[in-house]
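In terms of our numbering, the sequence shown opens at residue 228 and continues consecutively.
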Amino acid sequence: METAEYALMDVVEDRMWWYRAVHARVLDALARRPGDPSRPVLDAGCGTGGLLRRLGERYGDRRLLVGVEYFEPAARRARAKSGAAVAVGDVHALPFPDGAFGAVLSVDVLCHRLIEPERGLAEMRRVLAPGGTLVLNLPAFEWLKSAHDRRVHNARRTTLRAARAQLAEAGFARIEARYWNALLLPLMVVQRKLLAAREEAASDVAPYPPWLDRTLHGVTELERRLAALGLRYPAGGSVLLVATRP
Numbered sequence: 228m229e230t231a232e233y234a235l236m237d238v239v240e241d242r243m244w245w246y247r248a249v250h251a252r253v254l255d256a257l258a259r260r261p262g263d264p265s266r267p268v269l270d271a272g273c274g275t276g277g278l279l280r281r282l283g284e285r286y287g288d289r290r291l292l293v294g295v296e297y298f299e300p301a302a303r304r305a306r307a308k309s310g311a312a313v314a315v316g317d318v319h320a321l322p323f324p325d326g327a328f329g330a331v332l333s334v335d336v337l338c339h340r341l342i343e344p345e346r347g348l349a350e351m352r353r354v355l356a357p358g359g360t361l362v363l364n365l366p367a368f369e370w371l372k373s374a375h376d377r378r379v380h381n382a383r384r385t386t387l388r389a390a391r392a393q394l395a396e397a398g399f400a401r402i403e404a405r406y407w408n409a410l411l412l413p414l415m416v417v418q419r420k421l422l423a424a425r426e427e428a429a430s431d432v433a434p435y436p437p438w439l440d441r442t443l444h445g446v447t448e449l450e451r452r453l454a455a456l457g458l459r460y461p462a463g464g465s466v467l468l469v470a471t472r473p
């Protein structure tokens, strides 16, 4: 990710609709399948610490929260923001012992151009205790690639079928995969393919006018509530995966 994108993330992730929406879905997944609650939770590729802070607000005990981040200034900021222990490290070689965590979370990390997904998944599986939970968010559909992906160094987008197969190949079980950000997908297509199609266009990470941010967040919350009632969407801007290490 470009350095400027980390700075933007740090400024907006506590209030921007997309971060609030993805963090809510990760927390929902962890509540459904918490793994071993006596073991810590790892945020692999924690950025500037927004998800770690929300985890701390939800669960309270920051001693059970750990992050790892490749970019050292972001790791420093994540420590300060969340109060969690944050290591500087690489998801290809996580600096933790085997079976250390009850759950591993990772938001839009395995899609990064410097990451080999197979190696990253193998490391996440290694540090998970048996019965532990993996929660991943990944961007969906190659045809949605845009200037935003270039700014944040996304090299690949995925589908439910491909992501599910990748986790099965990595040795995970009880794999649940679903699309989300479905109701806003038409707007994503217009914004990314028409309004911001230029090579030099900025990423989607930015402060939004409060009225627009509230509206977009309201749409994602409606979608989230419908999903909780059992509705599944045939497409969306992201794929959320939940799996268990046998």
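Built from N, CA and C at the ideal position, the CB exists for glycine as well. Note that this is a predicted model, so its numbers are computed, not measured.
{"Check": "Under the three-state DSSP convention, the category residue 473 falls into", "Outcome": "coil"}
{"Check": "Extent of the continuous alpha helix (DSSP H) to which residue 223 belongs", "Outcome": "Because the chain spans 228 through 473 in this model, residue 223 falls outside it and cannot be assessed."}
{"Check": "Chain-order list of residues whose beta-carbon lies under 7 Å from that of residue 349 (same chain, five-residue window excluded)", "Outcome": "397"}
{"Check": "Proximity of residue 292 and residue 268 at Cβ, strictly below 8 Å", "Outcome": "yes"}
{"Check": "Short Cβ contact (8 Å threshold) for residue 419 with residue 467", "Outcome": "no"}
{"Check": "Other residues of its chain near residue 296: CB distance less than 7 Å, five sequence neighbours each side excluded", "Outcome": "272, 273, 274, 302, 305, 313 and 315"}
{"Check": "Segments of 4+ residues assigned as alpha helix (DSSP H) that fall wholly inside the segment 251 to 296", "Outcome": "277 to 286"}
{"Check": "Classification of residue 321 by the beta-carbon crowding that lies within 10 angstroms, buried from 16 upward", "Outcome": "buried"}
{"Check": "Selection from 358, 359, 385 and 299 that minimises the alpha carbon distance to residue 369", "Outcome": "385"}
{"Check": "Entirely enclosed alpha helix (DSSP H) segments - the segment 322 to 400, minimum 4 residues", "Outcome": "344 to 354, 374 to 379 and 387 to 396"}
{"Check": "Helix, strand or coil at residue 467 [DSSP, three-state]", "Outcome": "strand"}
{"Check": "Cβ-Cβ distance between residue 355 and residue 326 below 8 Å", "Outcome": "yes"}
{"Check": "DSSP state of residue 452 mapped onto helix, strand, coil", "Outcome": "helix"}
{"Check": "Within 8 Å, strictly: CB atoms of residue 359 and residue 329", "Outcome": "yes"}
{"Check": "Cβ-based burial, residue 461 [other Cβ within 10 Å; buried from 16]", "Outcome": "exposed"}
{"Check": "Backbone CA spacing between residue 435 and residue 353 [nearest angstrom]", "Outcome": "39 Å"}
{"Check": "Run of the alpha helix (DSSP H) containing residue 433, from where it starts to where it stops", "Outcome": "Careful: residue 433 lies outside any alpha helix (DSSP H) and carries neither H nor E."}
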